[in-house]
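Take a look at the structure set out below.
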Amino acid sequence: MAKGRLIQKRWLENWRVGLVLAGFLLLGGLLVGVVWGLETPAAQAADFCRPWHGQQICILKIQRSAKKHWEFRATVAVDGVERPRSAYNCRRRIWVGLDGIRHVFDPHGPGELICSLLNRDDAREGLSRELMLDRAPRLLQPRTNPDSLSNRSGEVATQTAITQTAIN
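Take the sequence shown: its position 106, counted from the start at 1, is 126 in this note's numbering, and no numbers get skipped.
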């Protein structure tokens, strides 16, 4: 009988040690999972590559301007050739290199990719860039209808005559 109680006592002690070890393993696994989970998005964001109109454009590093949300500073690679860090202005559709020279965005180039992916001003306003450019000249054109001008001048003359009559 004493032998049975001794085995039972050792089993209970081993069970407690096993439970503590299982807790440490679970805690260690959880810690490794959290560290791995935090590191994975950074590794994925390091190289954002996309086929873009026959080219492979990779955004290696990008930073949005805090003051001007339409400007980005980015290092890109086009077809594996890395370009130096440049400033991309999505409103004016220009990019400025390290030499300070302004360049217009290349059609289907990295500037167009950066602005189409990250800058959503046109989408918020509900108008595409092409639609805004098409509407701009019409908004700035002066009225050239002679009937509208003569009616307006006639209205002004009538109002002036009524005012002068009321004063006299």
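Think of the CB as a built atom: it goes at the ideal place given N, C-alpha and C, for glycine as much as any other residue. In this text, all values refer to a predicted model and were calculated from it rather than measured experimentally.
Contacts around residue i, its chain only, beta-carbon distance under 8 Å, and the 5 residues preceding and following it disregarded
i	result
LEU39	none
ARG105	LYS81, ARG93, ALA94, THR95, LEU118
HIS123	ILE114, TRP115, VAL116, GLY117
GLY120	none
Secondary structure of residue i, DSSP reduced to three states
i	result
PHE44	helix
ARG70	strand
LEU39	helix
LEU80	strand
ILE134	helix
Residue from the options with nearest C-alpha to residue i
i	options	result
HIS89	GLY74, THR95, ASN109	ASN109
LEU138	PRO104, TRP72, ARG84, CYS69	ARG84
ILE134	TRP72, GLY53, LEU51	TRP72
Contacting residues, own chain, Cβ-Cβ under 7 Å from residue i (five flanking each side not counted)
i	result
ALA107	GLU91, ARG93, TRP115, VAL116
GLY129	none
GLY146	Summary for GLY146: the model assigns pLDDT 40, below 50, so the residue's position carries little reliability, and this model does not support an answer.
6 Å Cβ shell around residue i - same chain, five flanking residues per side excluded
i	result
GLY131	TYR108, TRP115, PHE125
ASP67	CYS78
LYS81	THR95
ARG111	TRP90
PRO127	none
ARG36	none
Whole-Å CB distance - residue i paired with residue j, under 8 Å assumed
i	j	result
GLN76	CYS69	6 Å
| request: Spell out a yes or no on whether the region 39-53 and the region 97-116 are touching, meaning 3 or more CB-CB pairs, one atom from each, closer than 8 Å. | output: no
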